[in-house]
Each structure stands twice: as C-alpha cells, then as structure tokens.
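Written below as structure tokens is the structure these notes are about.
Number of protein chains: 2
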Amino acid sequence: MGNRLNGFGDCSIEVERACPIELTLHIIGGKWKGVIINILSKKDTRFNELKRLIPGISQRMLTLQLRELEADGIVKRKVEETIPIKVGYSLTHQGESLTPIIQSMRMWGNDYISKNE
Amino acid sequence: MGNRLNGFGDCSIEVERACPIELTLHIIGGKWKGVIINILSKKDTRFNELKRLIPGISQRMLTLQLRELEADGIVKRKVEETIPIKVGYSLTHQGESLTPIIQSMRMWGNDYISKNE
DNA sequence: CTGTATCCTCACAGATACTG
DNA sequence: CAGTATCTGTGAGGATACAG
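Read top to bottom, the protein sequences are chains A and B. Just so we're aligned: 81 in UniProt numbering is position 81 of the first sequence, and the numbers increase by one with no gaps anywhere. Just so we're aligned: 114 in UniProt numbering is position 114 of the second sequence, and the numbers increase by one with no gaps anywhere.
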C-alpha cells in the first residue's frame with residue numbers, strides 16, 4: 001500500500017472521523033489523479049494515449065502519478081511484451097469504486113462554474 | 001471568487017469534462033480543508049474551537065485555509081463585536097452542497113482502510 | 001512506446017513572535 | 001480571542017535529456 005498520511009495515526013478523538021476524508025483526498029488529490037481516474041473509468045488506456053489526452057502533463061508526472069495510484073491499489077498496469085512494448089492502464093475494483101465520487105465532483109464543479117461565472 | 005486553476009482554460013476538447021473535477025479537487029484539496037468542511041457541516045464553529053478540534057494545525061494555516069474557503073464561497077465568516085472579539089465560521093449554501101461528497105469520501109476512506117489493513 | 005535520470009524553482013507549509 | 005508578520009525549509013512538480 002502507498003504512503004500513509006503524515007500523522008495519520010495522530011488523529012484525536014475529536015477528528016478521527018475526519019481522517020478517512022484526508023486519506024481519500026490524499027489518494028485522489030494529486031494534481032493529475034482526478035483526470036487520470038476519470039479517463040480510466042471510461043476505458044483502459046495506454047501510456048501515450050493518456051499523455052495525449054492530458055495536455056500539459058509531462059512524462060515524468062504521468063509516470064509518477066500512475067505509480068502512486070498503482071501503489072495505492074487504484075490502478076492496474078499491464079505490460080504487452082511486443083516490440084515496441086505497450087503498457088495498458090486500467091482501474092482496479094477499488095479504483096472503480098471511486099468513480100461515483102469523481103462523478104459527483106464533476107457535477108459539483110460544473111454547477112459551481114455555472115453559478116460563479 | 002478565488003484563484004482559478006492554472007491552465008484551467010487550457011482544457012482540450014478531450015479533457016474538458018475532466019476540468020470541473022480538477023476545480024472541485026482544487027477547492028476542497030487543501031491540506032486541512034476536508035477536515036474544516038467536515039467540522040463546519042456539523043455545527044458553526046469559532047476560530048479557537050476549530051484550532052482545538054484540529055490538532056496539528058497552526059494558527060497561520062487555519063487562517064489561510066479559512067480565507068481560501070471564504071474566497072471560494074464555501075465558508076461564511078461572522079464577526080461578533082464583543083470584547084474579546086468572537087468570529088464564527090459556517091458553511092455557505094454552496095459549502096453545504098459539498099457535504100455529500102465529503103461524506104462519500106469519508107465512507108470510501110473507511111472502506112479502504114478496512115480492506116487494506 | 002514507455003519510461004528513468006537530473007537539475008531546478010517556487011509555492012506551500014512549519015515555527016515563532018507579535019498585536020488590537 | 002482571533003488573528004498578522006517574518007523567516008525558513010521541504011518537496012511537489014516542471015524542463016530537458018537519455019535509454020531499453
């Protein structure tokens with residue numbers, strides 16, 4: 001499993017019920033993770049396909065974010081041993097269980113935009 | 001309204017539907033914002049009360065996070081002109097509309113913990 | 001095609017002290 | 001009680017080059 005939140009175990013009685021929130025936020029809160037999960041929830045996607053679908057992301061960041069999502073059990077990585085090599089990414093079952101939250105956030109964001117623009 | 005996401009307008013056709021997700025993540029993704037919103041969703045809370053309920057947060061960070069939430073229209077600030085002065089914080093209507101998402105994240109986080117521990 | 005390896009910077013956050 | 005003012009450090013993230 002991936003990194004724990006700093007001080008995750010330091011939760012006091014008062015805020016202990018808030019910690020799962022911080023944990024979730026930590027797992028999906030990376031700069032590009034929301035987009036990545038959203039894309040993978042629609043279809044399995046290869047590395048370069050992701051790079052193309054997310055303008056502005058660097059190879060380095062795409063790799064790092066995918067590695068973290070993988071370590072946290074959200075994303076599956078499947079290597080096709082062809083030449084050239086192909087790597088497909090998809091959501092794990094746990095990753096798929098995140099999509100309702102992502103979709104809620106998408107709807108809330110759209111609503112927010114229409115109300116504040 | 002608060003800061004826009006960097007490059008929020010740079011969304012390509014492919015990912016434009018993902019941008020509201022990034023926006024939402026940006027608004028609630030600050031290090032302490034999830035906890036703050038969660039606490040305020042239960043009851044209006046004063047500054048020092050928040051500080052007490054969130055061990056580990058500094059006065060500086062509490063102020064900054066509250067200011068950002070206020071600028072983004074999530075939190076309301078109400079000054080009681082007593083001596084000593086008292087300042088109450090509460091969720092706006094828009095802030096309250098976030099609580100289902102926060103609660104989903106809390107449930108997902110708890111589920112995640114029980115499955116990965 | 002799918003990555004590592006470096007180097008760099010700058011915004012975010014911690015610590016501490018001070019104030020109306 | 002509810003903040004501001006500094007100073008400082010860390011690490012997330014960007015740019016670029018190289019590699020199997």
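Just so you know, even glycine gets a beta-carbon here, dropped at the ideal spot from N, CA and C.
*Shortest alpha-carbon distance to Ser41/B belongs to which of Leu91/B, Lys51/B, Pro20/B?*
Leu91/B
*Mind checking if Pro84/B is an interface residue toward chain A, Cβ cutoff 8 Å exclusive?*
no
*Beta-carbon of Ser104/A versus every beta-carbon of chain B: anything under 8 Å?*
yes
*asked:* DSSP three-state label for Leu91/A, please.
replied: strand
_Spatial distance of Leu25/A from Asp111/B (CA atoms)_ = 14 Å
_Inter-residue CB distance, Ile101/B and Ile57/A (contact presumed, cutoff 8 Å)_ = No, Ile101/B and Ile57/A are not in contact; Cβ-Cβ is about 24 Å, not under 8 Å.
*Does any residue of chain A bring its CB to less than 8 Å from the CB of Tyr112/B?*
yes
_Glu80/B, DSSP secondary structure in three states_ = strand
*asked:* Can you give me the C-alpha to C-alpha distance between Ala71/B and Ile27/B, rounded to a whole angstrom?
replied: 10 Å
*For Gln103/A, count neighbouring Cβ atoms within 10 angstroms of its own Cβ and tell me buried if that reaches 16, exposed if not.*
exposed
*Could you tell me which chain A residues have their CB closer than 9 Å to the CB of Leu98/B, listed as they occur along the chain?*
Trp108
*On the three-pair Cβ rule with 8 Å, is the stretch 31-38 of chain B touching the stretch 69-87 of chain B?*
yes
*Buried or exposed: where does Glu14/A fall if 16 or more other Cβ atoms within 10 Å of its Cβ makes it buried?*
Legend: pLDDT at Glu14/A = 37, less than 50; position of this residue unreliable, value from coordinates given subsequently. Exposed is the call here.
*asked:* Looking at the strands, I want to know which residues DSSP matches up with Thr45/A.
replied: Tyr89/A
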